[in-house]
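What follows is one structure encoded as structure tokens, with my remarks underneath.
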């Protein structure tokens, strides 16, 4: 949620809906794999020995106790991670970025006092890791935001997994643009609608758009089939339920800190930050990216050091 005074950074309905959809699809795909294997084996046995197809296919599903034990353990693991995320979401206030004070309020756990960190002392980086899967290696990225506690020097990290490097950088750029330029700097939805991602209404809008853009055949196999086995609108309803759950309110200190200030009391950016921002804008005006800026800066530092 973004206002003129502050922005709250927390898990959205779209993130919850996507997580539930992935969990559902994983479990459904395992069951479907055994079902199709059973049907295929049944057809083969029918042509070889005239054995009824269902007589061969059904034992692959019932009573396949090993399959259902594995499905139960997998669903339990997914349920644990999901309800753990829901508990953290409902028991911990979101991180609040105050652009007028140029500070960030962070509550580590329920009952702990809030910590107020200067905006320009926040650490932002992207972590990258390579994960080996049955299909080969896959690269994973995560935006990491560090909050330095001035009292003891400890750094508390918030990790936001993303699928690509660009998405991780975009998440941080949205926060940075808000703090430096205000709500008007946040990009509007490219879908031409105010519908929130992760809701039932947004799902059906995407469904209709997919049908119009790709035709009936691709709609049947590219949307209906995939979305059916990933829960259809069930993940949207789960995300809406989580969103309606009562959340832990901010402590009074944060509520007072969040009140708007007169314009003359707004904190101004430091001269160093203004200079660095101008350097980045020069690079962007040349048609280069933020990555090019850091590469060029690293090369200049290497030349100076040598």
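Numbering (full-length UniProt numbering), first residue to last: 1 to 306.
No residue lacks a Cβ here, since even glycine has one placed at the ideal position from N, Cα and C.
Test item: CB-CB of residue i and residue j under 8 Å
i	j	result
residue 162	residue 173	no
residue 269	residue 20	no
residue 258	residue 37	no
residue 43	residue 53	yes
residue 103	residue 273	no
residue 203	residue 233	yes
residue 159	residue 142	yes
residue 86	residue 27	no
residue 34	residue 69	no
residue 101	residue 267	yes
residue 25	residue 229	yes
residue 7	residue 178	yes
As assigned by DSSP and simplified to three states, the class of residue i
i	result
residue 58	helix
residue 146	strand
residue 26	helix
residue 105	strand
residue 301	helix
6 Å Cβ shell around residue i - same chain, five flanking residues per side excluded
i	result
residue 167	none
residue 123	146
Own chain residues within Cβ distance below 7 Å of residue i, not counting five before or after
i	result
residue 247	90
residue 9	94, 95, 97 and 175
residue 198	12, 13, 14, 16, 17, 236 and 239
residue 125	144
Cβ-heavy atom distance, residue i to the ligand GTP, below 7 Å
i	result
residue 282	Although the ligand GTP was asked about, the structure shown includes no ligands whatsoever.
Own chain residues within Cβ distance below 8 Å of residue i, not counting five before or after
i	result
residue 149	115, 117, 155 and 156
residue 82	19, 20 and 23
residue 74	26, 27 and 30
residue 260	4, 5 and 100
residue 78	23, 26 and 27
Nearest residue (CA-CA) to residue i, options the options
i	options	result
residue 110	160, 65, 46 and 92	92
residue 251	113, 70, 245 and 243	113
residue 210	200, 222 and 201	222
residue 99	140, 3, 300 and 216	3
residue 32	107, 57 and 286	57
residue 200	182, 245, 287 and 231	231
residue 242	84, 41, 262 and 39	84
Which complete beta strand (DSSP E) runs does the stretch 151-219 hold, if anything under 3 residues is left out?
Correct list: 155-162.
Ignoring anything shorter than 3 residues or poking outside the stretch 26-101, list the beta strand (DSSP E) runs there in chain order.
95-98, all fully within the stretch 26-101.
Scan the stretch 227-294 and note each continuous alpha helix (DSSP H) run of 4 residues or more that stays entirely inside, going in chain order.
Fully enclosed alpha helix (DSSP H) runs of 4 or longer: 234-244, 252-257 and 271-285.
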